[in-house]
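Mapping of the sequence shown onto mature numbering (1 follows the signal peptide of the UniProt record, and there is no 0): residues -38 to -1, 1 to 493, in sequence order.
The beta carbon of each residue, even a glycine, is placed where N, CA and C say it ideally should be.
What follows is a single structure, written as structure tokens, with notes after it.
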Amino acid sequence: MPLGQRARGSQGRTAPGWRVARLCAVLGASTLPVPCFAQALTSSMFTPSVGGFAPREDSPLRSVGSQDDMRPTYGIPPASGAAGSGYDSLNRKRKVAKPYPGTPHPTPNPPLQAPRVTAPVSPSFAGTAEGAPPRRRLKIDDDPFGQVGNRAGSFLVKSAVEVWGGYDSNPSRLSEPRGSAFYRIAPELQATSLWSRHAVDLDLRGSFTGYGTDFPTTSGASSVPVDIDRPAFNGRLSGRLDVTRDTRVVSAVRLRLGTDNPGARDNIIQYGLSKYPIYATYGGTAGFEQDFNRLQLQVNGNIDRTVYQNSKLIDGTSWSNDDRNFNQYGVQARASYDLTPGVKPFVEVVADKRVHDTRLDRYDYERDSTGGYLKGGTSFEFSRLLTGEIAAGYGWRDYQDPRLKRMDGLLTSASLIWRATGLTTVRLDAVSSINETTLPGVSGSLSRDYTAQVDHAFRRWLIGTARFGYGTSDYQTAGQDKRYFAEGTLTYKLSRTFAIKGSLRHDWLESGSGGVNTAATVVMLGVRVQR
């Protein structure tokens, strides 16, 4: 067959097929009730995003319904809220969308902050200058309410005053108590030198206790004075001169003022007093210290004098107390050795002599005497948790009058501080001494006192203190007196300058000479001002 004829035959067979296809398309478009939509591929279908590898609205497998397809819903749909996390109104936890690999993580908005308005600071002051050394952190203040003091030249001066008001159920320590309100003013002054060599320390403490009640008495019937106001003072000035690295010269002067304690046996020697006589004890110490490697030797000389005022009676007359005045001269030697950095044992010996202004007292006894003591102990410091000194020894005193027996016995002394925790401190104190007396036929009294104190900081500004004490006065041939006390104090520190203090104390006295036992309760509230 010729080529041209076969071509015409093929064209004739395919032309009707295309016509049929066009006709079917036109009929289908005119008869279908739903319009036809076309599907096109976009570039976003190949971009990873949250919700699927391709957007859900561009997925070719999405369901395509009619626009008038309204599915029924039941109930109230849960509120979505504005946040993208948390819980909805039906207490269902919202799911947090997780980003697909390769997608950037969303960053939350920064928190809202108020604009900081600060004065410009130079880089050198702020420690940010190039090449500046790093600034050291300030040490944390262990006592944010402690006493700061004032600088006076090369001295650090600390001063304070306490004003108290309270009530004493038995200020005269009588068998038949009679209470009275009282007030107390107690100033303090301390000064310490800040020198690299040598040292000077000053410590002055005083108080005055005044009562608003007079205690009427009859001459010869009672030893309680009408006016029981009592002053007290204790001052000391000490110095150290560093001659060389191993040689030092030490000195001190001291003064003490006070009255006889109410209820003491020495008060019964006089009746019909208008007020308690005031006594003064003053003296000085001079000596030197020498170091021989770990061995330290110390030798001191002491001179003290005790003077009493004349007793004023309610009838206007006075009674001399010259027989109670005396001078005391003594020598003290002490040797200590640095056994370890925290332990330093020592041995101490003292010899003294007492000479009274009058040879005979009011009962014709010669009170001049000689005595001393020998004791040994140690001072220690264990990691600053337990520090102090403890010692024990033997003391004696011989009197010039053969009718007065020798006084001797065990002497103990201690001053321990135990920092149990950062908020709790325990203190233990013990002191012993041989004291003078004017009781007829009695040589003297051997006194021993022991005190325990616990300080606890409930807060840095709220300090609680509990004190307990026990003491004895042994008159040998005249029996022994026992005394106890328990005290609780609460201190509320308002600042470094002001503090409010409250105290409750109870005292007991048991007389060993057939006397009357006494008891008293003291309540006080005061304010402390310090600088």
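Scanning L151, F177, G172 for the CA closest to the CA of D165 turns up L151.
Beta-bridge annotation (DSSP): S375 is paired with A353. Remark: C-beta atoms of D363 and E310 do not approach each other more closely than 8 Å. Counting every other CB atom within 10 Å of its CB across the protein chains shown gives H160 a total below 16, marking it as exposed. The C-beta distance from K463 to R493 rounds to 17 Å, too long to meet the 8 Å contact threshold. Out of V211, S395, S377, the CA that lies nearest to the CA of L203 is found in V211. For the pair of segments examined, the region 339 to 350 was found to touch the region 300 to 308: the number of CB pairs separated by less than 8 Å reaches three. Taken through DSSP and simplified to helix, strand or coil, T400 comes out as coil. For S409, the enclosing beta strand (DSSP E) starts and ends at 407 to 421.
Three or more beta-carbon pairs separated by less than 8 Å link the region 384 to 404 to the region 416 to 436, which places the two stretches in contact.
Residue state for Q294 is assigned as strand, using DSSP reduced to three classes. A Cβ-Cβ separation of about 6 Å places T332 in contact with D360 under the 8 Å criterion. Distance from the CA of L466 to the CA of D436, rounded to the nearest whole angstrom, comes to 28 Å.
Distance from the Cα of T383 is smallest, within the candidate group A91, K60, S280, D104, for D104. Between P149 and G168 the beta-carbon gap is near 6 Å, inside 8 Å, which marks them as a contact.
In its chain, beyond the 5 residues on either side, R422, W423, K455, S457, R458, A461 have a beta carbon closer than 8 Å to the beta carbon of F107. Of the other Cβ atoms in all chains shown, fewer than 16 fall within 10 Å of the Cβ of A91; this residue is therefore exposed.
Short of 6 Å from the beta carbon of P96, and not among the five residues preceding or following it, lies no beta carbon of its own chain. C-alpha of T69 to C-alpha of Y49: approximately 21 Å in a straight line. In the structure shown, A88 adopts helical secondary structure according to DSSP, grouped into three states. Burial check for T221: the Cβ neighbour count within 10 Å reaches 16 or more, so the residue is buried. In terms of CA proximity to T349, K306 leads the group G433, G263, G357, K306.
About 27 Å separates the Cβ atoms of D285 and T247, ruling out a contact at the 8 Å cut-off. When the alpha-carbon of V404 is set against those of A226, A440, F288, the nearest one is in A440. According to DSSP, W380 shares a beta bridge with L348, V388. For R321, the secondary structure class from DSSP, reduced to helix, strand or coil, is coil. G197 is a Cβ neighbour of R216, given a cutoff of 8 Å.
Rounded to the nearest whole angstrom, the CA to CA distance from G433 to R98 is 51 Å. Here K60 is exposed. Its C-beta has fewer than 16 other C-beta atoms within 10 Å. Non-local beta-carbon contacts of G406 in its own chain, meaning distances under 7 Å to residues more than five positions away in sequence, involve R359, M369, I396, N397, E398, T399 in chain order. DSSP places A94 outside both helix and strand once states are collapsed to three, so it counts as coil. In this structure, the beta-carbon distance from T175 to D191 does not fall below 8 Å.
Within the same chain, N272 come within 6 Å of S282 by CB-CB distance, once the 5 residues on both sides are set aside. Taking a C-beta distance under 8 Å as the contact criterion, G338 and A313 do not qualify as a contact pair.
Annotation: Y145 to R135 spans about 18 Å, alpha carbon to alpha carbon. Note that the C-beta distance between P224 and P133 is below 8 Å.
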